[in-house]
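Under this note's numbering, residues 1474 to 1962 are what the sequence shown spells out, in order. See below for the structure under consideration.
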Amino acid sequence: IRDMNIRIAARGSGAGSLVNYLLGISGVDPIEHDLLFERFLSVERSSLPDIDIDVESARRHDIYRAIFKRYGSKRVTLLSMQSTYRGRGAMRDSALALGLDPDQVDSIAESMWRFSASSFRNALRVKPELAEFAQAVEHDRKMNLLVDMTERLDRIPRHISMHPCGVILGDLTLPLLTPVEPSGMGLPMSQFDKDDMDPMGFLKLDVLGVRMQSTMAYAVSEIKRVRGVSLDLDGIAKDDAATFKAIRTTNTLGIFQIESPGQRELTGKHQPTEFNDLTIQISLFRPGPMKGNMILPYLDRRHGFEKPEYIHKDLEPILRETFGVVIFHEHVLRILHVMTGCTLARADELRRSLEKPGMAREIENFFRTSAAKKGYSKQVIDKVWDILAGFGSFGFCKAHGAAFALPTYQSAWLKTHYPAEFLAGVMTHDPGMYPRRLLLAEARRLGVKLLPIDINKSSSEFHVEKHDGTSAIRMSFVDLKSISETEIN
């Protein structure tokens, strides 16, 4: 993939693999960042791991074709997913089966985005805009049957379509184990979905198209074109003071993962100064840690308003980086390993079981018995178990946080040192959450000049030009209303 000049980054627990790092699949050193391989893979793991990689969204299909070219269609297929009936589709297909005129029911189908197919009859009773159709249902047997059929089709699979990122990996027996059909892009596609992977023993590779990767690749190409600088973005130092200073201002529009209002607020409170701070911040700003009230204790302890609490001296080396707050799955694995003597691989299986209904009591008995045998007091065991018991819903994988922190830092570095090229990439590939007008305002704030559309110089992309000795962004034709890509080209 790198030979195709496509940006790639590992995602999730795969970043904890040293092999992935040495092969260049992941840019995060698992030894430097204290990640655990057992969170990704071990002999005791009961399910096969997912392998997730982030690639440029604009080049994802090129990567699919490269995988098939390398391994062949006898060993690889795309993954499918089931498209199930919702309100509109259920009604339209039912009307077609009953021989009704599509125009007759089209206006009713258009209104069905407000409710599910299974609640169709109830909607007829309560929604005034459906009163006329409700009358027809009462007096027309075929219309009444239409409502029944629509309700019964709710959530039933209608057809399969290509999964947005899944690829199944196997050997030469793969075509004998899964039914295959052509996908929309012409490559073989399994008729199995993601829930069939584990029972069939298939490995799944998720090739996730990430617009920020396309944005950064575009910025690097613009830097090369305009400045003549060949930039190895994966080789930049991760301790650039100017980059962290820019992040701490909370002016993070366009930066991966930390541009939302909530993340900008957390950035201001957190004040990150090193790469691991980004890993922690990204991991904290998740539904689980927020629900588990992990953010406030961490911030208070980080800034000295509260003393770190480690419950027991044996846990201090594990929790020192987060001031005694259990945030990561890796923390749980190490706590179980230290306090019970089990292997890290076994600890990960116990952690997974914590999330399963009915398993907590069995794990609690194991934890209490094993910890007591190792000499821990009941008070310490009680406190630690209270944390572990509530952790199943709240924690986050540190390897995942570190994998996300890398493009966060890289995008912040580009914005700090090459703002024109970076913002041209953001406007071209639109990876974030803010409208164009705010991105233009951000460019002006950073002193980047904006050049108007020019019939001789503009294109379908926002590109950088030298203007009065500085870098400026030339506006793109895509900002013209009602213009098509064909017309631009």
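Just so it is clear, CB atoms sit at the ideal spot from N, CA and C, and this is done for glycine as well.
Can you tell me the Cα-Cα spacing of residue i and residue j, whole angstroms?
i, j, result
"I1479", "A1690", "8 Å"
"V1937", "L1597", "56 Å"
"K1742", "Q1736", "10 Å"
"V1492", "V1811", "26 Å"
"L1569", "P1575", "7 Å"
"A1715", "S1843", "49 Å"
"F1588", "V1599", "12 Å"
"V1853", "Y1783", "10 Å"
"L1739", "L1769", "10 Å"
"K1954", "K1888", "29 Å"
"Q1664", "R1684", "28 Å"
"L1676", "M1670", "7 Å"
"R1628", "D1666", "16 Å"
"R1774", "H1785", "17 Å"
"I1504", "Y1494", "10 Å"
"G1643", "S1515", "20 Å"
"L1678", "E1611", "52 Å"
"G1572", "D1566", "10 Å"
"I1808", "T1550", "40 Å"
"T1723", "E1695", "26 Å"
"K1615", "A1590", "17 Å"
"D1705", "K1711", "13 Å"
"M1680", "E1915", "Residue 1680 is actually Val in this sequence, not Met. Cα to Cα, V1680 sits roughly 32 Å from E1915."
"S1519", "F1510", "15 Å"
For the candidate residues the options, whose alpha-carbon lies nearest to that of residue i?
i, options, result
"L1650", "G1657, M1658, S1656 and I1641", "I1641"
"R1512", "A1945, L1823 and I1928", "L1823"
"A1885", "P1672, V1702, I1709 and M1635", "I1709"
"L1792", "D1507, S1486 and P1503", "D1507"
"L1751", "G1874, K1888 and P1575", "G1874"
"M1767", "M1662, T1795 and G1639", "T1795"
"L1647", "R1909, G1898, M1662 and V1516", "M1662"
"A1876", "D1787, Q1754, D1773 and G1848", "Q1754"
"E1789", "L1645, V1857 and G1497", "V1857"
"Y1537", "G1639, E1505, A1845 and R1628", "G1639"
"H1534", "M1658, S1584 and P1760", "M1658"
"T1746", "L1911, R1759, H1776 and L1912", "H1776"
"Q1730", "S1756, K1764 and D1705", "S1756"
"S1592", "L1626, Q1608 and G1727", "L1626"
"K1829", "A1862, E1505, P1652 and D1668", "A1862"
"T1725", "L1678, L1911, P1652 and S1933", "L1911"
"T1545", "N1617, L1660 and A1609", "The sequence shown places Gly at residue 1545, rather than the Thr named in the question. Of the candidates N1617, L1660 and A1609, the one whose C-alpha sits nearest the C-alpha of G1545 is L1660."
"F1867", "S1687, A1897 and G1761", "G1761"
"S1949", "L1827, L1806, S1703 and I1961", "I1961"
"S1733", "D1952, A1833, D1712 and Y1907", "Y1907"
"I1928", "D1859, S1703, P1892 and D1952", "D1952"
"H1940", "M1900, A1893 and S1933", "A1893"
Taking a contact to mean a Cβ-Cβ separation below 8 Å, would you say residue i touches residue j in this structure?
i, j, result
"R1917", "S1931", "no"
"R1594", "V1620", "yes"
"A1482", "P1904", "no"
"L1521", "H1636", "no"
"T1623", "M1564", "yes"
"F1869", "F1778", "no"
"G1489", "D1523", "no"
"G1497", "R1475", "yes"
"W1586", "G1560", "yes"
"A1582", "F1895", "no"
"P1655", "T1557", "no"
"Y1882", "F1748", "yes"
"T1816", "F1840", "no"
"E1517", "R1819", "yes"
"V1799", "F1864", "yes"
"L1913", "L1924", "no"
"R1548", "L1645", "yes"
In terms of DSSP beta bridges, what is residue i paired with?
i, result
"V1899", "BP columns for V1899 are empty, so no partner."
"I1641", "T1550 and K1677"
"T1557", "P1630"
"R1484", "D1525"
"G1682", "V1528"
"P1892", "Its beta-bridge partners do not exist; DSSP assigns none."
"F1593", "F1593 pairs with nothing; no bridge assigned."
"F1869", "F1801"
"H1936", "R1947"
"S1957", "DSSP lists no partner for S1957."
"L1924", "R1947"
"S1663", "V1653"
"M1635", "S1553"
Under 7 Å: does the beta carbon of residue i sit that close to some heavy atom of the ligand SAH?
i, result
"L1650", "The ligand SAH is absent from the structure shown, which contains no ligands of any kind."
(request) Say whether the region 1601 to 1615 touches the region 1518 to 1533, bearing in mind that this needs 3 or more beta-carbon pairs closer than 8 Å, one atom from each stretch. (result) no
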